[in-house]
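Numbering (my numbering), first residue to last: 281 to 345.
For reference, the structure is listed below as structure tokens.
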Amino acid sequence: MAIGWKVLFGYAVIYRSVVMENLQYAADIALGFLSYFICIFVFINLWGYVYGEVMPSLPDIPGNR
């Protein structure tokens with residue numbers, strides 16, 4: 281019993297839609313990770329800039345090392 285082309289075409293359409301859906305989900309994950317990385321990078325550098333200016337002006341206390 282041979283499988284008709286219409287049946288195989290139906291499977292191809294379903295497979296294509298599943299692949300497209302998974303690719304969109306992967307892009308969403310990648311963009312979420314990128315935005316998270318940018319936020320963390322900005323806040324870490326901002327933290328160093330804000331608190332890095334205060335540290336050199338503190339007096340040197342013996343035994344603080």
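Beta carbons: idealized from backbone N, C-alpha and C, even for Gly.
Check, Outcome
"Quick check: the Cα distance between Ser297 and Phe313, rounded to an integer number of angstroms?", "25 Å"
"From Tyr316 to Gly332, what distance separates their C-alpha atoms?", "24 Å"
"Looking at the secondary structure, which residues open and close the alpha helix (DSSP H) in which Gly290 lies?", "285-332"
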